[in-house]
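What follows is one structure encoded as structure tokens, with my remarks underneath.
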Amino acid sequence: MTSAAAGERQCVYCRRRPVADAWRPFCSERCRLLDLRDWMDGRYRVPGEAASVPDGGPADDGAPDDNR
Ligand SMILES: [Zn+2]
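Residue numbers for the sequence shown follow the numbering used here, so the first one is 4 and each next one is one higher.
What follows is the structure, encoded as structure tokens:
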């Protein structure tokens, strides 16, 4: 329909090179992979992941009822 409506679209990752049809919306496979990696990185790096189990529990250090 419209060919280059408002100039060429820039790569959404590097924003320096025009988007390649094969790698839309990126300019190349590299930018696509880098963007994906960043996305995954931010996804897996959840803030407050230190919400682990509270210390304490049935640690058998000197159970008084074990030796009878
Ligand atoms: Zn790019």
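Glycine included, every Cβ here is placed at the ideal spot set by N, Cα and C.
Who are the near neighbours of residue i in its chain, counting only those whose CB is closer than 6 Å to its CB and skipping five residues on each side?
i	result
Val15	Pro28
Can you grab the Cα-Cα spacing for the pair residue i / residue j, in whole Å?
i	j	result
Leu39	Arg33	10 Å
Pro21	Asp58	53 Å
Met4	Ala25	Residue placement at Met4 is flagged as unreliable, the pLDDT there being 49, under the threshold of 50; the coordinate-derived value follows with that caveat. Cα to Cα, the separation comes out at about 18 Å.
Gly45	Asp64	41 Å
Pro67	Trp42	52 Å
Arg19	Tyr47	28 Å
Which residues mark the beginning and the end of the alpha helix (DSSP H) in which residue i is found?
i	result
Cys32	Strictly speaking, residue 32 in this sequence is Glu, with Cys absent from that position. Glu32 -> alpha helix (DSSP H) spans Glu32 to Tyr47.
Tell me which same chain residues have a C-beta within less than 7 Å of the C-beta of residue i, skipping the five on either side of it?
i	result
Cys17	Cys30 and Cys34
Ignore the nearest five residues each way along the sequence and tell me which others in residue i's own chain have a CB closer than 8 Å to its CB.
i	result
Arg12	Pro21, Val22 and Pro28
Leu37	Tyr16
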